[in-house]
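K.L.:
Residue numbers (my numbering), protein chains in the order written: chain Z, 323 to 412; chain W, 7 to 416; chain P, 5 to 104.
Built from N, CA and C at the ideal position, the CB exists for glycine as well.
Can you keep this structure in mind? I'll have questions shortly.
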């Protein structure tokens with residue numbers, strides 16, 4: 323029963339525990355840096371599912387990473403191009 | 007499109023607030039990403055201690071009718087993807103239909119976006135057939151489709167037990183309710199002692215004889231320790247469903263979909279005993295990792311947030327009338343702390359009144375006081391305490407709000 | 005499996021709706037989500053992961069995780085869990101064939 327590094331934590335981008343651990347050990351100090359290095363939290367759900375897993379994992383590393391939380395960016399949901407506001411719309 | 011107020015989220019809090027606003031003459035738009043209104047009410051089914059069954063969808067119908075009759079505009083299939091100063095609410099039509107407004111301009115905005123489920127990770131959790139208990143509840147009670155014929159539930163908390171019961175009522179064979187996988191990534195959800203402590207909060211919701219006896223006793227730390235060491239073969243029956251409070255889900259496997267799950271007893275140290283693991287044949291696994299407020303929109307707006315484990319996660323800091331830290335932005339419902347539908351409605355009422363007053367629609371102090379009292383009462387009478395300590399958490403948040411306001415005034 | 009007899013829910017009396025998934029006809033009931041209709045017809049795999057090809061299905065059920073995204077002809081990418089079936093809808097897995 324594998325319970326280790328192969329476990330997927332970010333479902334959208336299939337980032338594993340191992341990927342996150344490697345990123346922290348390679349020098350990532352914040353979750354934002356882990357996100358940039360691994361793509362965890364950058365998929366369609368924008369970290370909605372994986373953020374708590376990432377936070378816990380990062381905090382368990384020695385030294386722990388993650389003081390600054392994942393920043394939330396707009397749009398919070400994907401928007402089809404045709405539904406963006408046009409110039410001059412009231 | 008210019009309106010007086012936009013309500014983001016058409017669940018119990020949002021619909022109640024919209025009705026209040028519309029009744030006082032405000033031009034209100036309610037936006038929800040679902041095709042129907044009512045939010046999480048739609049799938050909820052609870053038995054009160056007196057044996058009466060509370061049906062969420064009936065409550066939802068009533069709230070929707072009140073909001074419409076009051077004159078609120080309800081728009082479904084509307085996905086709010088941004089909230090900007092102004093206040094400008096950006097919307098995408100979930101069905102990509104042309105001709106719908108893509109931005110609303112409002113004087114006041116209510117964020118009533120509810121909560122989302124926290125993940126429970128383990129080998130095999132991405133297989134089709136593994137889903138959250140919320141997904142199982144909606145599938146079963148709203149869409150009338152069982153997640154599977156033989157279901158395993160992982161997570162022992164009020165929501166998991168409620169959904170397990172609903173699955174059994176709907177005709178699914180529930181193999182059992184187990185502890186969630188005790189992996190570091192799953193945090194406190196995988197901790198045996200804290201799970202049993204939370205079980206005591208079921209005391210107010212139609213307890214079985216075992217729970218009636220045990221609920222009060224569970225609060226005693228000593229008994230909790232003993233309970234952590236006692237296993238009951240065949241599981242403790244809660245509402246007819248076997249609960250294996252000393253056995254944890256370990257893994258799910260299958261060819262393209264979940265076909266069976268491995269469970270193993272958990273030792274006194276919280277670690278599973280691998281050599282005693284066994285397989286359970288299931289075609290669905292339903293996970294309960296707890297609910298967290300979905301506060302992304304206030305976060306992107308720069309509203310102050312407070313991390314509160316007793317309320318499920320990050321909550322927008324708010325004042326006594328549910329005003330967030332940006333003027334004109336209000337918050338209500340589970341996004342302010344997961345406390346259930348009745349409290350959500352009381353919050354919606356209070357927020358609706360506060361927003362109406364801000365719009366200059368003649369709300370008296372007495373009305374606001376009554377709404378605040380109503381919220382306190384709803385909290386006291388809550389049927390399920392999702393997280394122990396919600397009242398204390400809100401008292402702490404109120405103190406933090408006053409500190410922040412005092413600091414700003416200096 | 006549909007929940008047709010339930011001690012507390014109203015009797016299931018809904019009109020049939022016919023749509024297609026990956027080219028094959030599926031009979032659903034009015035008001036069902038695409039995900040529920042497919043589940044009732046025995047189909048749990050809604051998507052294959054874009055990079056690994058791993059099969060994926062319904063996860064959160066409330067529009068947050070976006071695992072259930074499918075392609076609807078004439079509409080685009082939608083969440084199968086929050087989109088209701090309609091007569092004549094042509095649904096494909098995201099990324100298979102046209103669009104996605």
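(1) According to the neighbour-count rule (16 or more other Cβ atoms, all chains shown, within 10 Å of its Cβ), is residue 333 (chain W) buried or exposed?
(2) Distance, Cα to Cα, residue 219 (chain W) vs residue 87 (chain W)?
(3) Given that residue 354 (chain Z) touches chain W, what residues does it touch there, using C-beta distances under 8 Å?
(4) Cα-Cα, which of W:46, W:109, W:84, W:273 is closest to residue 67 (chain W)?
(5) Can you give me, in chain order, the residues of the stretch 70-98 of chain P that have a beta carbon less than 9 Å from any beta carbon in chain Z?
(6) Could you tell me whether the Cβ atoms of residue 34 (chain P) and residue 55 (chain P) are closer together than 9 Å?
(7) Considering only the beta carbon of each residue, do residue 48 (chain W) and residue 63 (chain W) sit closer than 9 Å?
(8) Flag residue 340 (chain Z) as yes if its beta-carbon sits less than 9 Å from any beta-carbon of chain W, otherwise no.
(9) In three-state terms, what does DSSP make of residue 103 (chain P)?
(10) Any idea if residue 84 (chain P) is buried or exposed, counting beta-carbon neighbours within 10 angstroms, 16 or more meaning buried?
(11) Which residues in the same chain have their Cβ closer than 6 Å to the Cβ of residue 129 (chain W), if we skip the five residues on either side of it in sequence?
(12) Identify the contact partners of residue 292 (chain W) in chain Z, using a Cβ-Cβ distance below 8 Å as the criterion.
(13) Would you please state the rounded distance, in angstroms, between the beta carbons of residue 7 (chain P) and residue 169 (chain W)? I believe it to be under 8 Å.
(14) Report all residues from its chain with a CB closer than 7 Å to the CB of residue 356 (chain Z); omit the five preceding and five following residues, and keep chain order.
(15) Output yes if chain W places a C-beta closer than 9 Å to the C-beta of residue 24 (chain P); else output no.
(16) Residue ranges of each alpha helix (DSSP H) run of no fewer than 4 residues wholly in the stretch 340-403 of chain Z, ordered along the chain?
(17) Let me know if residue 160 (chain W) comes out buried or exposed under the rule of 16 or more other beta-carbons within 10 Å of its beta-carbon.
(18) Spatial neighbours of residue 106 (chain W) within its chain, please: CB distance less than 6 Å, with the 5 preceding and 5 following residues excluded, ordered by chain position.
(19) Which of helix, strand or coil does DSSP assign to residue 169 (chain W)?
(20) Taking any Cβ of chain W, which residues in the stretch 5-31 of chain P have a Cβ under 8 Å from it, in chain order?
(21) Measure from the C-beta of residue 149 (chain W) to each C-beta in chain P and report whether the shortest distance is under 9 Å.
(22) Between which residues of its own chain and residue 215 (chain W) is the CB-CB distance below 8 Å, once the five residues before and five after are set aside?
(23) Does the Cβ-Cβ distance between residue 358 (chain W) and residue 26 (chain W) come in under 9 Å?
(24) From this set, W:313, W:103, W:73, which residue's C-alpha is nearest residue 300 (chain W)'s C-alpha?
(25) How would you write the range of the beta strand (DSSP E) that residue 351 (chain W) sits in, first residue to last?
(26) Please list the partners that residue 336 (chain Z) has in chain P, where partner means a Cβ-to-Cβ separation under 8 Å.
(27) Does the stretch 283-301 of chain W come close enough to the stretch 137-156 of chain W that 3 or more CB-CB pairs lie under 8 Å?
(28) Please report the straight-line C-alpha distance between residue 268 (chain W) and residue 283 (chain W), rounded to a whole angstrom.
(29) In angstroms, rounded to a whole number, what distance separates the CA positions of residue 407 (chain W) and residue 24 (chain P)?
P.N.:
Result, derived from the coordinates:
(1) Taking a 10 Å sphere around the C-beta of residue 333 (chain W), we find fewer than 16 other C-beta atoms and assign the residue as exposed.
(2) At residue 219 (chain W), the pLDDT of 40 sits below 50, so the modelled position is not reliable; the number obtained from the coordinates is stated separately. Taking the straight line from one Cα to the other gives about 48 Å.
(3) Within 8 Å Cβ-Cβ: nothing; residue 354 (chain Z) doesn't reach chain W, min ~14 Å.
(4) If we check each option's Cα against that of residue 67 (chain W), W:46 comes out closest.
(5) Going along the stretch 70-98 of chain P in chain order, one finds 70, 71, 73, 80, 81 with a Cβ nearer than 9 Å to chain Z.
(6) Not closer than 9 Å, so no.
(7) Yes, Cβ-Cβ distance for residue 48 (chain W) and residue 63 (chain W) is below 9 Å.
(8) So, not an interface residue.
(9) Confidence in residue 103 (chain P) is poor, its pLDDT being 42 and thus under 50, which makes the residue's placement too unreliable to answer from.
(10) Buried, by the Cβ-count rule.
(11) Its chain contains 257 as the residues whose beta carbon lies nearer than 6 Å to that of residue 129 (chain W), once the 5 sequence neighbours on both sides are disregarded; these appear in chain order.
(12) By Cβ distance, chain Z contributes nothing, its closest Cβ being about 16 Å from residue 292 (chain W), past 8 Å.
(13) In fact, because the Cβ distance is near 14 Å, the residues do not count as touching under 8 Å.
(14) The beta carbon of residue 356 (chain Z) sits closer than 7 Å to the beta carbons of 342, 345, 346, 350, 362, 376, 380, 387 from its chain, once the five residues preceding and following it are set aside; these are given in chain order.
(15) No, no contact with chain W.
(16) Complete alpha helix (DSSP H) runs here, min 4: 353-360, 373-382.
(17) Classification of residue 160 (chain W): buried, given that the 10 Å Cβ count is 16 or more.
(18) Only 99 meet the Cβ criterion.
(19) Of the three classes helix, strand and coil, the one that applies to residue 169 (chain W) here is helix, per DSSP.
(20) Within the stretch 5-31 of chain P, contact with chain W at the beta-carbon level (separation under 8 Å) is assigned to 5, 6, 7, 8, 9, 10, 11, 12, 13, 16.
(21) Residue 149 (chain W) has a beta carbon lying within less than 9 Å of a beta carbon in chain P.
(22) Note on residue 215 (chain W): pLDDT 39, under 50, position unreliable in the model; no value is reported.
(23) The Cβ atoms of residue 358 (chain W) and residue 26 (chain W) lie closer than 9 Å to each other.
(24) Sorting W:313, W:103, W:73 by C-alpha distance to the C-alpha of residue 300 (chain W) places W:313 at the top.
(25) Note, residue 351 (chain W): premise wrong, no beta strand (DSSP E); alpha helix (DSSP H) at 347-364.
(26) Residues of chain P with a Cβ closer than 8 Å to the Cβ of residue 336 (chain Z) are, in chain order, 53, 55, 56, 58.
(27) Judged by Cβ distances under 8 Å, the stretch 137-156 of chain W makes contact with the stretch 283-301 of chain W, as three or more pairs qualify.
(28) The straight-line gap from Cα to Cα measures roughly 6 Å.
(29) So the two alpha carbons sit approximately 53 Å from each other.
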